[in-house]
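**Q** If you scroll down you'll find the structure; I have some questions about it.
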C-alpha cells in the first residue's frame, strides 16, 4: 500500500492507494485454480483418450505418493536389473519416487536400441517403438504428482503384439507389408483399458506374420516381412516359437515390463515356454478381441505375458471385461475376478490341491522323466496331491487337430474381411486382396525358409463356401472333444483342480484351443543339451483363471526356475 498526494480544490490531500494485487487478488486466485484444473484435465484427457472409466481395483494397494517430478534421476545406468525386475517391483519404486516413468521409458528404449537390431545376435523382438512414449511418461509422472497413480500399472511400459490395434502414430500390420499405412480408427479394447489404467504403450512386438496363419510348411516361427526373424534370447539360432514370438523374447530380455500376446492354438504359451517367462491364455471371452486382427472369432484370445505370475495377474485384472463389440465377452456364465492377485498364495496355495499330469501323446525322454519326478516330489512336499499318467481315452489328437484347422480355415476369410472393412487408408478389403498383394510383392513377402508360400491363405479362401450348418456341427464337435470329453472329463473323472504337463505341445494345448479354455505356462527348466527353456503347462475348465494363477504361483515360488539362468543374448556384445 502506498500514499499519494493529490490536489483537491487547491488543498493537498494525502490518499492511501491500494496496490493492484490487493484489489484483484481474488480474481487472480480464481484464475490460477482454473488453470490448474484445466491442466489436470488435459493431462487426463490426452492419456486416457475417452470418457469411460475403469474403477481402480484392489491391486492398487500401493500408497498414493505425490512424487515430485524431480524424483527423476536422469541416469544412463538404471539402478535395477531390467531383465529380472517385476511389474510389482517397478510399481513400488515409482510410488516411492526411486525414479520416474520417464526414466523407465528411457532405459527400455536404450535397451531396445542396444540389442533389438544390433550386435551379432539381434533379437528383432520389437517391430516399432512409440514415438510419443516419453511424452506420455512425462504426463503420467505429472499426474502422479497431482492425483496419485491410477492403478498398479500407472507409468508401466508395456509392449503390444503387432496384430493389436493402437490408434496412435504406430502401425498395426500383423507383420505384413500389405497393411502398412492402414489406419485403425480406435484402440483395441484391451489397449484402451491399459491406457486408462495408466500403462504406457511402449511399442509393438514382432510376430509370426499373420499370427502364423499364412504358410503351413516352414522351418521355424517368428518371421514376418515387416519385422524379420525374431531370435531367442537364450539359444543361438533357436526357434522362438509363435506366433507371439516378439512379445515373449522382449519380456525375456528385459525390453519391456510386460506384454500382450494372442493365442488361437498355442501362440502365447509356446513362445513363453522357450523364453522362460509366464504366459496366460484366457478363456475365450474373458478379454475382448475387438481391435485384434483375427483368425477365428470362436478360438482367438488375448492375454498377458510377463516375467512373473504376479505380473500376468496384475495385467489380467485390467485387461478383462465386457465389451459391446465382442459378443464372446457377454457370456452369462462368465466368472470374472476384479482382483486376481488374491489367488497369489505362494507355496501355501499348493496345499490341498489335486493335480493330474497329462503325459499322453508326448515323447517322454529320460531327461523329461527326471523333470516330471522332481516336479511331482516338489509339489507334493508343499501339500499337493499329484495323480500321475492321466489318460483321456476319448482324446483323438489327429481328429481334433484336423477339425480345428478346418474350422480356422472356414472362419478366417469372413473374420479377416470384417476387420479389414473397418480400416481406412487401405485397399485391402478381403483375403483375396491379401493373396494378390503377396503375389505382387513376392520378393519381400516370401522367405525360402521362414515363409515360402501362402498355401494356408489359399486353402482358407477355398474353404469359406462350406455351409453354415456344417460349420456349426464342426464347431460343436470340436468344442465337445476339447472340453466336455477332454479337459472336463479328466477333471471330473479324477476329481482334479487342474491338469499339468511338462511339455507345451501336449494334448492340453490342443484341447484348450478347441474348447476355448484357459492355459497358463510357468518356467520349468532348461534343456541339458543347449540350455533352451521349457515350461510347465497348466490347464483348467472355462473361467478357471483364478485356479490356474494359484497353481502357477505356488509352483513358481517353490521352484524359482527363472532365477537359475539368465538369457545369454539379453546384453549387447
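Residue numbers (UniProt numbering): 1 to 573. Beta carbons: idealized from backbone N, C-alpha and C, even for Gly. These figures come from a predicted structure and were not determined experimentally.
#1: In three-state DSSP terms, what is residue 61?
#2: Determine the direct distance from the alpha carbon of residue 287 to that of residue 317, and round the result to whole angstroms.
#3: For the alpha helix (DSSP H) that contains residue 556, what are its first and last residues?
#4: Can you tell me whether residue 169 is helix, strand or coil according to DSSP?
#5: Can you tell me the Cα-Cα spacing of residue 582 and residue 544, whole angstroms?
#6: Exposed or buried, what is residue 216 when buried is set at 16 or more other beta-carbons lying within 10 Å of its beta-carbon?
#7: How would you call residue 270, buried or exposed, if buried means at least 16 neighbouring beta carbons within 10 angstroms?
#8: Residue range of the beta strand (DSSP E) that residue 423 falls in?
#9: Which residue wins for smallest C-alpha separation from residue 161, given the options 517, 191, 506, 552?
#10: Could you check the C-alpha separation between residue 77 and residue 325 for me, to the nearest Å?
#11: Beta-carbon separation of residue 253 and residue 115 under 8 Å?
#12: Residue 313 and residue 344 - do their beta-carbons sit closer together than 8 Å?
#13: In angstroms with no decimal places, state the Cα-to-Cα distance between residue 232 and residue 532.
#14: Between 277, 404, 429, which has its C-alpha nearest residue 414's C-alpha?
#15: To the nearest angstrom, how far is the alpha carbon of residue 510 from that of residue 329?
#16: Span of the beta strand (DSSP E) holding residue 131?
#17: Rounded to the nearest angstrom, how far is the Cβ of residue 311 from that of residue 258, given a contact under 8 Å?
#18: Label residue 239 either buried or exposed according to how many other C-beta atoms from any shown protein chain fall within 10 Å of its C-beta, with 16 as the threshold for buried.
#19: Tell me the DSSP secondary structure of residue 161 in three-state form.
#20: Please report how far the alpha carbon of residue 342 lies from the alpha carbon of residue 554, in whole angstroms.
#21: Is the region 377-397 close to the region 489-501, with three or more CB pairs under 8 Å?
#22: Name the DSSP beta bridge partners of residue 263, please?
#23: Could you give the DSSP three-state label for residue 518: helix, strand or coil?
#24: From the DSSP output, in three-state form, read off residue 350 for me.
#25: Taking residue 308 as the reference, give the member of 121, 523, 568 with the closest Cα.
#26: Report all residues from its chain with a CB closer than 8 Å to the CB of residue 560; omit the five preceding and five following residues, and keep chain order.
#27: For residue 386, which residues in the same chain have their Cβ closer than 7 Å to its Cβ, ignoring the five residues on either side in sequence?
#28: Which term fits residue 564, buried or exposed, when burial requires 16 or more other beta carbons within 10 angstroms of its beta carbon?
#29: If I measure Cβ to Cβ from residue 539 and keep anything under 7 Å in the same chain, skipping five residues before and after, which residues do I get?
#30: Counting Cβ pairs, one atom from each stretch, are 3 or more of them under 8 Å apart for the region 451-461 and the region 330-340?
#31: On the three-state DSSP scale, how would you describe residue 309?
#32: State the beta-bridge partners of residue 183 as determined by DSSP.
#33: Assign residue 152 to one of two classes, buried (16 or more other C-beta atoms within 10 Å of its C-beta) or exposed (fewer than that).
#34: Less than 8 Å separating the beta-carbons of residue 173 and residue 201?
#35: Nearest to residue 168 by alpha carbon, out of 184, 273, 297?
#36: Using C-beta distances below 6 Å, list every residue in its chain close to residue 571, excluding the 5 sequence neighbours before and after it, in chain order.
**A** Considering the structure as presented:
#1: The residue labelled residue 61 in the question sits at position 61 within the chain shown. Bear in mind that a pLDDT of 43 at residue 61, under 50, signals an unreliable position, so the model cannot answer this.
#2: Numbered from its first residue, the chain shown carries residue 317 at position 317. Numbered from its first residue, the chain shown carries residue 287 at position 287. One C-alpha to the other measures close to 10 Å.
#3: Along the chain shown, one-based indexing puts residue 556 at 556. First-last of the alpha helix (DSSP H) with residue 556: 545-559.
#4: Here residue 169 is taken as the residue at index 169 of the chain shown, counted from 1. Coil at residue 169, not helix or strand.
#5: Since the first residue of the chain shown is 1 and the last is 573, residue 582 is not available in this structure.
#6: As a first step, residue 216 must be located in the chain shown, where it is residue number 216. It is exposed - the Cβ of residue 216 has fewer than 16 other Cβ atoms within 10 Å.
#7: Here residue 270 refers to the residue found at position 270 when the chain shown is read from its first residue. Result: buried.
#8: Locating residue 423 in the chain shown gives position 423, where the first residue counts as 1. Looking at the DSSP string, residue 423 is not in any beta strand (DSSP E), and its letter there is neither H nor E.
#9: As a position in the chain shown, residue 161 is number 161, starting the count at 1. That would be 191, whose Cα lies nearest to the Cα of residue 161.
#10: Here the question's residue 77 lines up with position 77 in the chain shown. Here the question's residue 325 lines up with position 325 in the chain shown. Looking at the two C-alpha atoms, the distance is approximately 44 Å.
#11: Numbered from 1 along the chain shown, position 253 holds the residue referred to as residue 253. Numbered from 1 along the chain shown, position 115 holds the residue referred to as residue 115. Yes, these two residues count as a Cβ contact at 8 Å.
#12: Within the chain shown, the letter at position 344 stands for residue 344. Within the chain shown, the letter at position 313 stands for residue 313. Yes, Cβ-Cβ distance for residue 344 and residue 313 is below 8 Å.
#13: One-based indexing of the chain shown puts residue 232 at position 232. One-based indexing of the chain shown puts residue 532 at position 532. For residue 232 and residue 532, the distance between alpha carbons rounds to 9 Å.
#14: Locating residue 414 in the chain shown gives position 414, counting from the first residue. Of the candidates 277, 404, 429, the one whose C-alpha sits nearest the C-alpha of residue 414 is 429.
#15: Translated into the one-based positions of the chain shown, residue 510 becomes position 510. Translated into the one-based positions of the chain shown, residue 329 becomes position 329. Taking the straight line from one Cα to the other gives about 22 Å.
#16: By one-based count along the chain shown, residue 131 stands at place 131. That residue, residue 131, is in no beta strand (DSSP E); it is neither H nor E in DSSP.
#17: The residue labelled residue 311 in the question sits at position 311 within the chain shown. The residue labelled residue 258 in the question sits at position 258 within the chain shown. Between residue 258 and residue 311 the Cβ distance is about 5 Å, and since that is below 8 Å, they are a contact.
#18: Stepping through the chain shown from its first residue, residue 239 is reached at position 239. Its Cβ being crowded by 16 or more others within 10 Å, residue 239 is buried.
#19: Locating residue 161 in the chain shown gives position 161, where the first residue counts as 1. DSSP places residue 161 in strand when its eight states are reduced to three.
#20: Taking the chain shown and counting its residues from 1, the one referred to as residue 342 is at position 342. Taking the chain shown and counting its residues from 1, the one referred to as residue 554 is at position 554. Their backbone Cα atoms lie some 13 Å apart in a straight line.
#21: yes
#22: As a first step, residue 263 must be located in the chain shown, where it is residue number 263. Paired residue(s): 301.
#23: For this step, residue 518 is matched to residue 518 along the chain shown. Here residue 518 sits in coil by DSSP.
#24: For the purposes of this step, residue 350 is identified with residue 350 of the chain shown, where counting begins at 1. The answer is helix: DSSP assigns residue 350 an H, G or I state.
#25: Locating residue 308 in the chain shown gives position 308, where the first residue counts as 1. When each option's Cα is compared against that of residue 308, the closest is 523.
#26: What you label residue 560 is simply residue 560 of the chain shown in a count that begins at 1. Here the set comprises nothing.
#27: Translated into the one-based positions of the chain shown, residue 386 becomes position 386. Contacts found: 355, 357, 376, 379, 380.
#28: Locating residue 564 in the chain shown gives position 564, where the first residue counts as 1. Classification of residue 564: exposed, given that the 10 Å Cβ count is below 16.
#29: Walking along the chain shown from the start, residue 539 turns up at place 539. These residues qualify, in order along the chain: 487, 498, 499, 508, 512, 517, 519.
#30: no
#31: Against the chain shown, residue 309 aligns to sequence position 309. In the structure shown, residue 309 sits in a helix (DSSP, three-state: H, G or I).
#32: As a working mapping, residue 183 is identified with position 183 in the chain shown. Per DSSP, 424.
#33: Here the question's residue 152 lines up with position 152 in the chain shown. The residue is buried, with at least 16 neighbouring Cβ atoms inside 10 Å.
#34: On the chain shown, residue 173 is found 173 positions in, with the first residue counted as 1. On the chain shown, residue 201 is found 201 positions in, with the first residue counted as 1. No. Outside cutoff.
#35: Residue 168 sits at position 168 when you count from the first residue of the chain shown. With distances taken between Cα atoms, residue 168 lies closest to 184.
#36: Taking the chain shown and counting its residues from 1, the one referred to as residue 571 is at position 571. Excluding residues within five positions, none has a Cβ falling inside 6 Å.
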